[in-house]
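Chemist:
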Amino acid sequence: MSYLLIPLGIFILVIALIDIFKTILYINGGGRLSSFTARKIWWVYFKIARGKGKAPILNFAGGTILMALVAMWIFLIWVGYSLIYLSDPNSVVETSTGENANFIGNIYYVGYTLTSLGNGDLRAGSDFWRIISNIMGMNSMIFISLGISYLLPVLQAVVDKRTLAVYIYQLGRSPKEIINKGFNGEDFSPLYSRLQNLETMLLKHGEHHLAYPILHYFHTHKRSHNIRLNLAILDEALNIQEAYHLDKSANAFTWRVLRGAMDNLAVRLHESYTSLADDPPVFDYFNDLPDELKANFEEDPGIPKDEDFNKRRGKLLGYIKKDGWEWEDVVEEK
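Take the sequence shown: its letter number 198 is residue 198 in full-length UniProt numbering, and every next letter is one higher.
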């Protein structure tokens with residue numbers, strides 16, 4: 001008997017089960033192994049796309065990662081149990097002859113027990129291994145089912161994510177368009193009801209990202225459906241409001257509430273909300289404001305000297321660059 005294979009197999013099983021638990025059942029982020037695998041697969045796709053967010057090949061990254069995670073969990077469970085069975089040459093025998101199964105036979109037996117295929121040409125070699133087979137069958141039923149059931153809520157979260165992107169896109173295709181379209185000559189009443197709905201959607205999106213970190217990798221090359229690009233557009237519109245204090249009405253609180261929802265989302269996305277730029281992008285929107293709003297100023301007040309304000313915009317630039325976009329994609333109406 002190769003007893004060393006038993007702790008090795010148990011170790012692999014524990015690693016797989018912990019990763020499954022943290023990724024599927026633990027709502028505060030994914031497992032380390034899953035996160036590592038997802039990052040590496042995304043890196044490969046990003047290199048193939050030459051770092052361009054408009055490359056259609058990136059649309060396949062999320063689906064590939066999702067299927068790869070499920071396949072990885074199944075493979076690790078299969079390998080772990082195979083090593084345990086290979087530790088004893090008498091663990092699996094051929095039903096017809098009673099002879100010990102060979103190396104491939106042990107792996108095959110574990111595979112069809114995990115999948116409940118049950119051909120019957122191989123069987124456990126003793127009562128002890130029959131019990132182990134039962135435990136293996138129950139484990140596989142639970143954890144493989146969990147892995148497959150993980151697909152449905154993730155795909156629903158992807159739909160919600162793209163719905164949010166389109167919702168923001170309808171407000172305006174650039175930060176200044178959101179401001180200009182939302183101002184009716186007196187206040188921003190055309191925006192208030194839509195911004196209130198947006199708050200709930202942003203909070204839900206943040207929780208989805210915390211529960212399903214794989215959402216980071218579901219990319220779309222269409223500007224209207226790309227969540228990172230549209231979140232950047234929305235956040236920059238909020239920056240314009242914050243810098244110039246354009247809305248002085250009693251409903252200005254709506255902007256602050258929405259900013260709070262964006263701050264919550266930034267916390268949820270802390271790893272991807274990291275600056276890749278040495279300096280924040282240029283802040284030059286004053287001349288594009290409606291005349292009624294510019295009349296409240298004697299001159300362009302310029303960018304706020306608040307360090308947090310500039311740091312936030314630097315992170316915003318880094319956020320979109322990690323998805324293959326440039327700042328021009330945010331500020332230009334396309």
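We put the CB at the ideal spot given by N, CA and C, even for glycine.
With DSSP collapsed to three states, give me the class of N310.
Modeler: In this structure, N310 counts as helix in the three-state DSSP scheme.
Chemist: Near N180, which residues of its chain fall below 8 Å by C-beta distance, leaving aside the five closest residues on each side in sequence?
Modeler: G172, D288, L289 and P290
Chemist: Give every residue of the same chain whose Cβ lies closer than 6 Å to the Cβ of F188, excluding the five residues on either side of it in the sequence, and list them in chain order.
Modeler: G182 and D247
Chemist: Could you check whether F309 and D300 sit closer than 8 Å to each other, using their CB atoms as the reference points?
Modeler: no
Chemist: Which same chain residues, not among the five before or five after L33, have their C-beta less than 7 Å away from its C-beta?
Modeler: I15 and D19
Chemist: Taking the alpha helix (DSSP H) that V44 belongs to, which residues open and close that run?
Modeler: For V44, the enclosing alpha helix (DSSP H) has its first and last residue at R32 to I48.
Chemist: Is it buried or exposed for V158, if we count other Cβ within 10 angstroms and need 16 for buried?
Modeler: buried
Chemist: Closest to H219 by C-alpha separation, out of G63, I135, Q196 and Y3, would be which residue?
Modeler: G63
Chemist: Given a cut-off of 8 Å on the beta-carbon distance, is the pair F46 and G324 in contact?
Modeler: yes
Chemist: With distances taken between CB atoms, is the gap from I65 to I214 smaller than 8 Å?
Modeler: yes
Chemist: Counting only the same chain and skipping the five closest in sequence on each side, list residues whose C-beta sits under 7 Å from that of E177.
Modeler: E333
Chemist: Taking just the CA atoms, how far does I107 sit from W78?
Modeler: 8 Å
Chemist: Less than 8 Å between the C-beta atoms of Y169 and N230, yes or no?
Modeler: yes
Chemist: Starting from L4 and walking both ways along the alpha helix (DSSP H), at which residues does that stretch end?
Modeler: Here L4 belongs to no alpha helix (DSSP H), and DSSP marks it neither H nor E.
Chemist: Which residue from A55, Q156, D235 and D88 puts its Cα closest to that of S174?
Modeler: D235
Chemist: When DSSP builds the beta bridges, which residues end up paired with E94?
Modeler: Note: E94 sits in a beta bridge opposite L122.
Chemist: For Q156, count neighbouring C-beta atoms within 10 Å of its own C-beta (all shown protein chains included) and say buried if the count is 16 or more, exposed if not.
Modeler: exposed
Chemist: CA-CA distance, N226 and Y319?
Modeler: 12 Å
Chemist: Apply the 10 Å Cβ neighbour rule to R312 and answer buried if 16 or more other Cβ atoms are within range, or exposed otherwise.
Modeler: buried
Chemist: Give me, in chain order, the residues of the same chain whose beta-carbon lies closer than 6 Å to that of W42; leave out the 5 immediate sequence neighbours on both sides.
Modeler: Cβ within range, chain order: A61 and Y217.
Chemist: Please give the ranges of any alpha helix (DSSP H) in the stretch 140 to 206, keeping only runs that are unbroken, at least 4 residues long and fully inside the region.
Modeler: 151 to 171 and 175 to 182
Chemist: Which residues does DSSP list as the beta-bridge partners of N100?
Modeler: V93
Chemist: Give me the Cα-Cα distance between A252 and N28, rounded to the nearest whole angstrom.
Modeler: 33 Å
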